[in-house]
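Residue numbers for the sequence shown follow the numbering used here, beginning at 1089 and rising by one. To start, the structure under review is shown below, and the notes come after it.
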Amino acid sequence: MKLLSEIDVSQKRVFLRADLDVPIEEFAVDPSKTRLASGGSSQFTEATRLQNLRPTVDYLFENGADKVIIGGHLDRPKGFDPALSTKQLLEPLERILGQEIVFSSQLKSSVNREPTTDNHIVLLENLRFWPGEVKNDQTFAQQLAKLADVYINEAFGNCHRSHSSMVALPALLPHAAGLHLEKEIEELTGILKDPKKPFVAIVGGAKIETKLPLVENLAKIADLVLVGGELPIEIRQKNMKLKENVLVAQLTEDGKDINQESIDAFIQKIKTAQTIVWNGPLGLFEEGYKK
């Protein structure tokens, strides 16, 4: 994939595939407005993913981009779900990017008929509301491609997914990595190419279909791989055989966290590490740090 500096964005409509999947708690949205309903509240417990967009958006407009169309997803909706609408990201994104943003619930050419401003940004509805997104559907990708002239990827955390906005869409447009994605790839490549030893990898989360290959690949280059989250449940249920340098945690009785014995064991291993690569939560992080 090309770097952002290697692609012409002047007078171009840019589709910016963003990582919008930030943790949100206790919100309510008024569909008739572009802000949160007065009775609801959004709590963005981790806004780093949104903040990472700022350098790329600034670069695009500094280099003459006509419009930036931000597309991404929130969680795993099963069809349209107002509770998972990206509309609620409008206000924090405007604050972070320092510009007015127009929200569009449609993917048709109406996006390009919205009122324009000097530096115009459009935020699309949750792409996973459309079945074609997760199916990597070519027709859906073509629909998205009509909105833009150039595709920029800033969704590092979603690069492993074979979804339409990640795979089929960039194949239809000139494309490049955003500034943050470029930085992430450079740092990760450097770490994996020549890590300081001992090298300890930590893998958590719940998506066994994507995390198991990661565990197996990391086990080839890391001195030790520590596995937590929900992964230990399925690993043991399926009696999966892993390399000797993979340490799978024991979980608490409710299965929501690794138990104290595993916590202590992980801490001792981590203390010896000179390089640590961490992917995914080891417990129910949505409930914070409460015991």
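Glycine included, each C-beta is placed from N, C-alpha and C at the ideal position.
Point to revise | Residue of Asn1305, Asp1169, Asn1347, Val1210 minimising C-alpha distance to Val1288 | key: Locating residue 1288 in the sequence shown gives position 200, where the first residue counts as 1. Of Asn1305, Asp1169, Asn1347, Val1210, the residue nearest in Cα terms is Asn1305.
Check your understanding: In chain order, what residues of the same chain have a beta carbon less than 8 Å from the beta carbon of Thr1360, not counting five sequence neighbours either side?
Key -> If you number the sequence shown from 1, residue 1360 lands on position 272. The residues are Pro1286, Val1288.
**Study point:** Backbone secondary structure at Lys1299 - three-state DSSP
**Key:** For the purposes of this step, residue 1299 is identified with residue 211 of the sequence shown, where counting begins at 1. Under the three-state reduction of DSSP output, Lys1299 falls in the helix class.
**Study point:** Buried versus exposed call for Ala1294 [16 or more other C-beta atoms within 10 Å across all chains shown]
**Key:** As a first step, residue 1294 must be located in the sequence shown, where it is residue number 206. By the neighbour-count rule (16 or more Cβ atoms within 10 Å), Ala1294 is not buried but exposed.
Review point. Can you round the beta-carbon distance between Leu1141 and Ala1106 to whole angstroms, since I take them to be within the 8 Å contact cut?
Key: Here residue 1141 refers to the residue found at position 53 of the sequence shown. Here residue 1106 refers to the residue found at position 18 of the sequence shown. 6 Å between Cβ atoms; contact.
Review point. For Gly1152, does the three-state DSSP call read helix, strand or coil?
Key: Residue mapping note: residue 1152 aligns to position 64 of the sequence shown, counting from 1. Here Gly1152 sits in coil by DSSP.
Exercise for review: Take Pro1165 as the anchor and find which of Leu1215, Val1255, Leu1195, Val1334 has the nearest alpha-carbon.
Suggested key: For this step, residue 1165 is matched to residue 77 along the sequence shown. Closest in C-alpha terms to Pro1165, from the list Leu1215, Val1255, Leu1195, Val1334, comes Leu1215.
Exercise for review: Can you check DSSP and say which residues form a bridge with His1248?
Suggested key: Reading the sequence shown from its first residue, position 160 is the one you call residue 1248. DSSP lists no beta-bridge partner residue for His1248.
Practice item. Using beta-carbon positions only, say whether Glu1272 and Leu1104 come within less than 8 Å of one another. Key: In the sequence shown, residue 1272 corresponds to position 184, counting from 1. In the sequence shown, residue 1104 corresponds to position 16, counting from 1. No. Outside cutoff.
Review point. Taking the Cβ atom as the reference point for each residue, do Lys1357 and Leu1314 lie within a distance shorter than 8 Å?
Key: Working through the sequence shown from its first residue, we reach residue 1357 at position 269. Working through the sequence shown from its first residue, we reach residue 1314 at position 226. Contact flag set, yes.
**Study point:** Uninterrupted alpha helix (DSSP H) stretches inside the segment 1170 to 1245 (no shorter than 4 residues)
**Key:** Entirely contained in the segment 1170 to 1245, the alpha helix (DSSP H) runs reaching 4 residues are, in chain order, 1178 to 1185, 1219 to 1222, 1226 to 1233.
Check your understanding: If you compare alpha carbons, which of Ile1296, Ala1264, Asn1367 is closest to Asp1096?
Key -> Mapped onto the sequence shown, residue 1096 falls at position 8. Cα-wise, what sits closest to Asp1096 is Ala1264.
Check your understanding: When DSSP builds the beta bridges, which residues end up paired with Ala1264?
Key -> Working through the sequence shown from its first residue, we reach residue 1264 at position 176. Per DSSP, Lys1090, Ile1240.
**Study point:** Inter-residue spacing [alpha-carbon to alpha-carbon] between Leu1312 and Glu1270
**Key:** Within the sequence shown, residue 1312 is the residue found at index 224, counting from 1. Within the sequence shown, residue 1270 is the residue found at index 182, counting from 1. If you take the alpha carbons of Leu1312 and Glu1270, they lie about 27 Å apart.
Practice item. Could you pull out every residue in the same chain whose Cβ sits closer than 6 Å to the Cβ of Met1089, ignoring the five residues on either side in sequence? Key: Taking the sequence shown and counting its residues from 1, one reaches residue 1089 at position 1. Listed in chain order, the non-local C-beta contacts of Met1089 below 6 Å within the same chain comprise Ala1265, local neighbours out to five positions each way being set aside.
Point to revise | Per-residue burial, Trp1218 [other beta carbons within 10 Å of its own, 16 or more giving buried] | key: Within the sequence shown, numbered from 1, the residue matching residue 1218 stands at position 130. Residue burial is scored here from C-beta neighbours: Trp1218 has at least 16 other C-beta atoms within 10 angstroms and is therefore classed as buried.
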